Amino acid sequence: MSFINKIIKDAKKERKTIVLPESDDPRVTEAASIILQDNIADIILIGGENRVKQVTPEFPLDGAKFIDPGTFEKYDEFVRIFFEMRKRRGVSEIQARKLMLDPTYFGMMLVHQGVADGLVSGAVHSTANTLRPALQILRTKPGTKFVSAFFVMVTKTELGSDGAFIFADCGLNENPNAEDLSEIALSSAESFRELIGGEPVIAMTSYSSFGSADSDMVDKVIHATQLAQEKAPELILDGELQVDAALSPPVSEKKAPSNIVKGEANILIFPDLNTGNIGYKLVQYLGGAQAYGPLLQGIAKPVNDLSRGCSVDDIVGVVAITSVQAQQADN
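In terms of this note's numbering, the sequence shown opens at residue 790 and continues consecutively.
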């Protein structure tokens, strides 16, 4: 069974309620129709029912819940809660009222108040426009100060976990330092267990393998590897490794024979956003891989982003992933 079919099957076992705030986009409403018809999740669409149904009238939205922020019975309560959260940061009550009319801010408050279990956005808006309200309203997980983004990459190979990988950070942090990289690695291991299952095998990637090059960029990855190994010595994690040494046992044996990844990585941690974003798109567009994300790790409740170039199938997949994350959070 493919990765996404397994995720959809798991999502159906305990349907969660997911908010889709970008109801003006026809990809979103078409995806909502598929999700509802296939019983993958319950859906809340932000906006008036008549208006939203006109976006893609050919796709039924039977069973969806439509919420217009301005007429919602708890709008004033949401404004009050948000104002109390943000008044010490300079947000006035007038600004709070305005922000609670924004579909993404309002959707985050639905999740915060338990009306919904998770939120998926980003088909129209940037990652920053999804992350900002998430951090202001939902905040980070207890014990976590760092939020990062990852992609589940489903390749047409037998590498990784039957072709599935986690790539991080490919969507959020521009130039993480060594401490940040170590946290990205540990969070990605947790995300791997939640979504793909099995034993995470983590390669801290670089243009160097075990000292084949010497520079500040390489030193950052070496230091990040050491920090991650100190924090979680039980993990199969090593670096710095070139991607071929991370994915090919024969190359691994030649370039870094003592590394414990041994060419069997299923998680690739990239040293910065340039390499991560370029890397996942090369695998997606030249390698024909399916890319799900950017998915966020470190937020207190399940919130996930989409690429603005996403397809309807991408949205369906990310909603299913968000539902499974909500199930895991309950457990």
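From the three backbone atoms N, C-alpha and C, an ideal C-beta is built for every residue, glycine too.
Here the structure is a predicted model, which means the values were calculated and not measured.
- State the beta-bridge partners of V1092 as determined by DSSP. L908
- Query: What whole-angstrom Cβ distance do L1026 and Q1018 have, given they're in contact under 8 Å?
  - Reply: 6 Å
- Query: Are G836 and C959 touching if we call contact CB-CB under 7 Å?
  - Reply: no
- Message: Let me confirm a value: R816 is counted as buried when at least 16 other C-beta atoms fall within 10 Å, else exposed. Which label applies?
- Response: buried
- Message: According to DSSP, is Q1073 part of a helix, a strand, or is it coil?
- Response: helix
- To the nearest angstrom, how far is it from the Cα of S910 to the Cα of E972? 24 Å
- Message: Taking only three categories from DSSP, how would you classify T929?
- Response: strand
- Query: For Q1086, does the count of other Cβ atoms within 10 angstroms reach 16, so buried, or fall short, so exposed?
  - Reply: buried
- Task: Could you check the C-alpha separation between F871 and M897 for me, to the nearest Å?
- Result: 11 Å
- Task: Taking 7 Å as the cut-off, decide whether the C-beta atoms of S997 and V1007 are in contact.
- Result: yes
- Message: Need the endpoints of the alpha helix (DSSP H) that S976 sits in, please.
- Response: A967 to L984
- Query: First and last residue of the alpha helix (DSSP H) that includes Y864?
  - Reply: Y864 to R875
- Query: Quick one: what does DSSP say K805 is sitting in, helix, strand or coil?
  - Reply: coil
- Please determine, among G1028, E983, A992 and R982, the residue with the shortest C-alpha to C-alpha distance to A764. The structure shown does not extend to residue 764, since the chain is modelled only from 790 to 1120, so the question has no answer here.
- Candidates I1058, K801 and I1049: closest to M941 by CA position: It should be noted that the sequence gives Val, not Met, for residue 941. Of I1058, K801 and I1049, the residue nearest in Cα terms is I1058.
- Task: Mark Y890 as exposed unless 16 or more other C-beta atoms lie within 10 angstroms of its C-beta, in which case mark it buried.
- Result: This sequence places Leu at residue 890; Tyr is not what is there. Classification of L890: exposed, given that the 10 Å Cβ count is below 16.
- Message: Is the separation between the beta-carbon of R804 and that of A830 shorter than 7 Å?
- Response: yes
- Hey, A1021 and A1035: beta-carbon distance below 7 Å or not? no
- Item | Beta-carbon spacing of V904, A885 below 7 Å | no
- Query: Which same chain residues, not among the five before or five after A938, have their C-beta less than 8 Å away from its C-beta?
  - Reply: T916, A957, D958, C959, G960, L961, N962, G1082, P1083, L1084, L1085, Q1086 and D1094
- As assigned by DSSP and simplified to three states, the class of D1119: helix
- Item | Burial state of I1110 (16 or more Cβ within 10 Å) | buried
- Query: If we count the other Cβ atoms within 10 Å of its Cβ and call it buried at 16 or more, is Q1079 buried or exposed?
  - Reply: buried
- Query: How many Å lie between L1144 and L1071 at the Cα?
  - Reply: With the chain covering only 790 through 1120, there is no way to say anything about residue 1144.
- Contact check, V1108 vs I824, beta carbons under 7 Å: yes
- Message: Distance check for T860 and G879, CA to CA, integer angstroms please.
- Response: 26 Å
- Message: So for Q902, helix, strand or coil by DSSP?
- Response: coil
- Message: Please classify I883 as buried or exposed, where buried requires at least 16 neighbouring CB atoms within 10 angstroms.
- Response: exposed
- Query: Leaving out five residues before and five after I985 in sequence, what residues of the same chain have Cβ atoms less than 8 Å from its Cβ?
  - Reply: F792, V941, S950, A953, I955 and N1055
- Rounded C-alpha distance that separates D827 from K930: 31 Å
- Query: Using the beta-carbon count (16 or more within 10 Å), is P922 buried or exposed?
  - Reply: buried
- Item | Span of the alpha helix (DSSP H), counted from its first residue to its last, around Q1079 | From DSSP, Q1079 is part of no alpha helix (DSSP H) but of the beta strand (DSSP E) over Q1079 to Q1086.
- Nonlocal neighbours in the same chain, by C-beta distance under 6 Å from V808, ignoring five residues either side: I833, G896, L899, A905 and L908
- Item | Candidates S976, V1010, K887 and T818: closest to D851 by CA position | T818
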